[in-house]
Each structure stands twice: as structure tokens, then as C-alpha cells.
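In full-length UniProt numbering, the protein residues as written are 1 to 245.
From the three backbone atoms N, C-alpha and C, an ideal C-beta is built for every residue, glycine too.
Below: one structure, written as C-alpha cells.
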């Protein structure tokens with residue numbers, strides 16, 4: 001098979017992820033009368049987004065320095081060192097603007113379907129003078145989730161990560177857990193550099209985007225605690241709300 005553009009690979013990956021999650025849920029829920037559906041999801045981005053000038057999202061395999069020089073010379077792709085583990089190609093990660101399938105997803109949700117959508121952040125497309133065209137980029141999945149939740153007017157957004165809650169002063173003697181936090185306080189911690197761009201930063205930004213757009217609560221927690229975290233604001237995880245009291 002000839003090489004495929006990144007947007008096409010994203011579409012293939014989205015279909016595979018949807019298949020795996022959908023079949024797992026169907027098996028777990030006794031096939032649920034078929035009320036689980038995967039939607040291939042396109043997300044519009046701005047071709048003028050500064051991310052296309054300064055790509056920062058590492059993708060693909062790791063290369064040695066020699067391999068990186070050879071590939072960059074051959075393809076013209078920018079390559080950076082990734083956390084001391086080797087060198088990787090970097091691509092743009094533009095801000096998502098619009099989920100094209102939002103009305104279809106809303107209709108399915110209102111009909112009682114459990115919808116799997118936005119895998120990998122969605123397939124990035126641009127509006128090229130009235131014609132939609134796929135573009136090579138990787139949309140941050142947390143930002144895409146926040147946008148979709150906002151467009152669907154969801155009450156809550158849950159961002160699943162590898163830890164049970166957001167921590168301040170991570171790894172220091174003063175480390176402490178955040179439980180229920182007002183958006184303004186969370187924004188202050190973010191501006192103080194508490195949440196690194198390569199780890200918790202994007203999740204906190206996405207959570208704030210959702211709450212700022214009118215969402216009731218955004219929760220950041222682990223997969224194991226997700227259900228309990230949704231039961232109550234006093235449950236596990238970090239709950240970001242518009243205000244407290």
C-alpha cells in the first residue's frame with residue numbers, strides 16, 4: 001500500500017479505536033440492543049493557526065540522530081529530540097474550531113445511543129474556499145473532547161488520565177491534591193506553571209475551556225475512579241467548577 005497522508009491514517013486509527021471500544025462495550029453490556037455506535041468524526045481547524053508554523057506534536061517512531069538527519073533531509077519534515085528518548089517527527093496541533101458531525105451525534109444521543117466519537121482528537125479538516133480538505137495535523141484529544149462536550153451542551157466533561165487527581169507541586173514535599181477547585185483558582189495555578197505542557201497542562205486547559213463555555217463541571221481523574229467521580233462533586237478526582245459557594 002502506498003504511503004498515506006496523516007489525516008487518512010488518523011481516520012483509519014479512529015475507525016479501529018471505535019471498533020475496539022464498541023465491541024468491548026457491547027460484550028460488557030450484553031450487546032445493549034445495538035445502542036452503541038461509533039461515528040467517524042471530522043474537526044475543522046484554521047489553516048492560519050500558528051501551530052502550522054511552529055509544529056510541536058511528536059508522532060511516530062524514535063530515530064537516532066543520524067537517522068533523524070537523513071529523514072529530515074529526505075522529507076523536509078521537522079524533527080526534534082523527545083524527552084531524551086530519541087528524535088521524532090513533529091506536526092502541528094491546531095486548536096479545534098467545529099465538530100462537523102455534532103448534529104448527528106446529538107441526534108443519536110437524544111435517541112438513547114451511547115456514542116463513541118472524536119477518537120484521536122478527530123480528523124483535522126480545513127475549509128478551502130468552500131471545499132473541505134483533510135490536513136496533516138494532530139488535534140489535542142482533550143481540547144477536542146471539550147469542544148464536543150460544549151457543542152452538545154453536556155453537563156459534565158470527564159478527562160481520563162493516569163493519576164487519580166490533579167496535584168500541585170508534583171513530586172515535592174509540598175505536593176497536595178486538588179479536589180474541588182473554582183475555575184479562576186485553577187487558571188491561576190496554570191499560569192504559575194504548575195501543569196507542564198507535555199502532561200497535565202492540556203487537560204487543565206481543556207477543562208477550563210469547557211467550564212468557561214458554560215459547562216457545570218469538568219473532572220480529571222483515572223479510568224478506575226471515573227464512575228465514582230461523576231456521582232458527586234465530593235467524589236474522587238479533581239472537580240473544576242465555575243465558582244464555589
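On a CA-only basis, which of the options is nearest residue i? Give me that one, please.
{"i": "residue 153", "options": "11, 59, 235, 214", "result": "214"}
{"i": "residue 44", "options": "189, 133, 223, 192", "result": "133"}
{"i": "residue 190", "options": "165, 208, 147", "result": "208"}
{"i": "residue 238", "options": "79, 173, 161", "result": "161"}
{"i": "residue 70", "options": "56, 88, 37, 82", "result": "88"}
{"i": "residue 80", "options": "18, 58, 98", "result": "58"}
Could you give the residue range of the beta strand (DSSP E) that holds residue i?
{"i": "residue 200", "result": "Counting along the chain, residue 200 falls outside any beta strand (DSSP E), and DSSP gives it neither H nor E."}
{"i": "residue 29", "result": "Counting along the chain, residue 29 falls outside any beta strand (DSSP E), and DSSP gives it neither H nor E."}
{"i": "residue 174", "result": "Looking at the DSSP string, residue 174 is not in any beta strand (DSSP E), and its letter there is neither H nor E."}
{"i": "residue 100", "result": "No beta strand (DSSP E) contains residue 100, which DSSP labels as neither H nor E."}
Along the alpha helix (DSSP H) that carries residue i, what are the first and last residues, could you check?
{"i": "residue 66", "result": "65 to 75"}
{"i": "residue 190", "result": "183 to 191"}
{"i": "residue 227", "result": "226 to 231"}
Tell me whether residue i is buried or exposed, calling it buried when 16 or more other Cβ atoms sit within 10 Å of its Cβ.
{"i": "residue 197", "result": "exposed"}
{"i": "residue 16", "result": "exposed"}
{"i": "residue 144", "result": "buried"}
{"i": "residue 12", "result": "exposed"}
{"i": "residue 210", "result": "buried"}
{"i": "residue 252", "result": "Residue numbering for the chain in the displayed model covers 1 to 245; residue 252 lies beyond these limits and cannot be assessed."}
{"i": "residue 175", "result": "exposed"}
Confirm the yes/no value for this check: CB of residue i, any heavy atom of the ligand PLP, distance under 8 Å.
{"i": "residue 131", "result": "Ligands displayed in this structure: none; no statement on the ligand PLP is therefore possible."}
What distance in whole Å lies between the Cβ atoms of residue j and residue i, which are believed to be in contact at a cut-off of 8 Å?
{"i": "residue 218", "j": "residue 240", "result": "5 Å"}
{"i": "residue 114", "j": "residue 25", "result": "7 Å"}
{"i": "residue 122", "j": "residue 158", "result": "At roughly 18 Å, the Cβ-Cβ gap does not stay under 8 Å, so residue 122 and residue 158 are not in contact."}
{"i": "residue 120", "j": "residue 14", "result": "6 Å"}
Considering only residues of the same chain and omitting the five flanking positions on each side of residue i, which have a CB-CB separation below 7 Å?
{"i": "residue 5", "result": "134, 136"}
Under a CB-based cut-off of 9 Å, is residue i close to chain B?
{"i": "residue 172", "result": "No chain B appears in the structure shown, which is made up of a single protein chain."}
CB-CB under 8 Å to residue i, same chain, minus the five flanking residues each way: which ones, in chain order?
{"i": "residue 183", "result": "208, 211, 212, 240, 241, 242, 243"}
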